[in-house]
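Counting along the sequence shown from 1, when you hit position 38 you're at 20 in the numbering used here, and nothing is skipped either side.
Here is the structure we will look at.
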Amino acid sequence: MDPGLRQCFPNRRPWPLVKCLMWGLVMFVQFSEHKGCLEEERIGLLRLKAFLKSDYHIGNRLPSWIEGADQMSSDCCGWEGVSCNSTTGHVIELSLHDIKQHLYTESFIDSTATINKKHNWLLNVSLFQPFKELTSLDLSGNEIGGCIANEGFERLAVLRRFEVLNLASNYFEDSILPSLTQLSSLTTLVLAHNDHLGNWATSAGSKSLSRLENLETLDISYTNFNRSTISSLSTAVKSSSLRNLNLDGLWMGGHLPAQELSALENLERLDLNGNGLTDGLTPKEFHGLSKLSKLKHLGLSSNLFGKQILRVLGAQLPALKSLNLGDNLIEGPLSIKEHACLIKIWLVICTADLDLDL
């Protein structure tokens, strides 16, 4: 007899029945694992592929997404880009990046370097509703130009565990913002490399952003955002939740946008690489920088900073652990003794014109 059962029925002093039942439940959970995906979700995936294949040129991509005559091929948990909960069988992650076949050539690119819109396509987001336990969706790199009318990202609001949405490297416009901000459970939103995004400075846009109460990571790098929209953004997004903000490649110019970001007091990582930023902060900007007291990682590579930025950052950001200043205008001797506050910081400068005096 199994030792566990002996404990349920010993010769002396039998255990209470509830303890036996609890033991049995624990054993059941440990040794039982859901076999295969749920039928409703398997059908949902096949419908999604049919939609993509019929009109939007995915070619031979997603070859494992087939009806399948045997149990192994029909188990959608083993399909490309699909991750399931091993216990329940629910689809929890869909990684559908770069699935659209790139049909255009250089001849389709006009003088403004904008892809002809006929090669973009519209997404039917309601096709993701069958995946009730979905937590993460990656649609990056698919040339998506928007959503079908009334079938936008608001359709994902019914997915209560949905947390991560990656829409990078597409052609979305600001019109998707109202639908995105209905996803109150989002913790990560990636909108990088969407050339038509960047007009969120409108009052309606700012107010709608405030609904993302749980957002911890926001990536709007390499979009058309500018300094004024960043200021609007920082006042709209819940400052208590946001921890990571990527503003690479916006080419803002001017001084470090310390005042514009001062409302985001819980930021731990800030990327401002490739923005054409220069030295020189006003007293008000100094004060704004000091509010980022929890900032641990700061990326400032590919800007126009000189050595004086080192003293400023070291004094104003006490929690800073890593600082990237590669590809700036930092030249000549640098004395660590004069910049004692930098000793605790992992510093990347990467310049052949700097003499480091220990």
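Built from N, CA and C at the ideal position, the CB exists for glycine as well.
To which residues does DSSP link residue i through a beta bridge?
i	result
Asn148	Asp120 and Val172
Ile126	Trp103
Arg251	Asn226 and His279
Leu76	Val64 and Leu119
Val330	Asn306
His237	Thr260
Leu200	Leu171 and Leu227
Pro45	Looking at the DSSP assignment, Pro45 forms no beta bridge with any residue, so it has no partner.
Leu159	According to DSSP, Leu159 bridges with nothing at all.
Leu286	Thr260
Roughly how far, in whole angstroms, is the beta-carbon of residue i from the beta-carbon of residue j, given that I think they are within contact range, below 8 Å?
i	j	result
Ile130	Phe154	Contact flag wrong, Cβ pair sits at about 13 Å.
Asn285	Asn257	6 Å
Arg29	Ser56	With a Cβ gap of about 15 Å, Arg29 and Ser56 do not count as contacting.
Gly373	Ala297	One cannot answer for residue 373 here, as it falls past the ends of the chain, which runs -17 to 340.
Lys303	Ile327	6 Å
Ser167	Arg193	That belief does not hold up - the Cβ atoms of Ser167 and Arg193 are roughly 11 Å apart, past 8 Å.
Apart from the five residues just before and just after residue i, which ones in its own chain have a Cβ nearer than 7 Å to its Cβ?
i	result
Glu136	Ser161 and Gln164
Val404	The structure shown does not extend to residue 404, since the chain spans only -17 to 340, so no value can be given for it.
Ala301	Ser275, Lys276, Leu277 and Lys278
Glu22	Pro112
Ile331	Leu307, Gly308 and Ile312
Ala95	Because the pLDDT of Ala95 is 40, which lies under 50, any placement of that residue in the model is unreliable, and the number read from its coordinates should be weighed accordingly. The answer is none, since no qualifying residue turns up.
Gly50	Ser56
Lys266	Gln241
Glu75	Ser65, Thr117 and Ser118
Val140	Gln111
Leaving out five residues on either side along the sequence, give the residues of the same chain with a beta carbon under 6 Å from the beta carbon of residue i.
i	result
Asn102	Glu125, Gly127 and Tyr153
His79	Asp120, Ser122 and Gly123
Cys59	Cys19 and Cys66
Leu355	This structure leaves residue 355 out entirely; the chain is present only between -17 and 340.
Thr205	Asn176, Leu179 and Gly180
Leu105	Ile126 and Cys129
Gly26	Pro112
Leu238	Leu259
Thr87	Bear in mind that a pLDDT of 38 at Thr87, under 50, signals an unreliable position, so the number given afterwards is only what the model happens to contain. Answer for Thr87: no residue qualifies.
Lys31	Leu44 and Trp47
Val146	Ser118 and Thr170
Ser151	Ser122, Gly123 and His175
Leu329	Leu305
Arg251	Asn226 and His279
Taking the Cβ atom as the reference point for each residue, do residue i and residue j lie within a distance shorter than 8 Å?
i	j	result
Ile291	Asp261	yes
Glu247	Leu274	yes
Asn228	Ser203	yes
Thr170	Phe144	no
Leu149	Ile81	no
Ser46	Trp61	yes
Thr69	Glu115	no
Leu173	Asp201	yes
Ala245	Ser216	yes
Ser272	Asn255	no
To which residues of the same chain is residue i closer than 8 Å at the C-beta, ignoring the five residues directly before and after it?
i	result
Phe287	Leu259, Thr260, Asp261, Leu307, Asn310, Leu311 and Ile312
Glu198	Thr169, Thr170, Ser223, Leu224, Arg225 and Asn226
Ile357	Missing from the structure shown is residue 357; the chain here goes from -17 to 340 and no further.
Phe268	Ala240, Val294 and Gln298
Leu249	Leu224, Arg225, Asn226, Leu227, Leu243, Leu274, Lys276 and Leu277
Leu109	Gly26, Arg29, Leu30 and Phe33
Leu263	His237, Leu238, Ala240, Leu271 and Val294
Ser157	Gly128
Ser36	none
Going by the C-beta, is residue i closer than 7 Å to any heavy atom of the ligand ZN?
i	result
Pro112	This structure lacks the ligand ZN, and indeed carries no ligand of any kind.
Between residue i and chain C, is there a C-beta pair that is closer than 8 Å?
i	result
Glu195	Protein chains in the displayed structure number just one, and chain C is not present.
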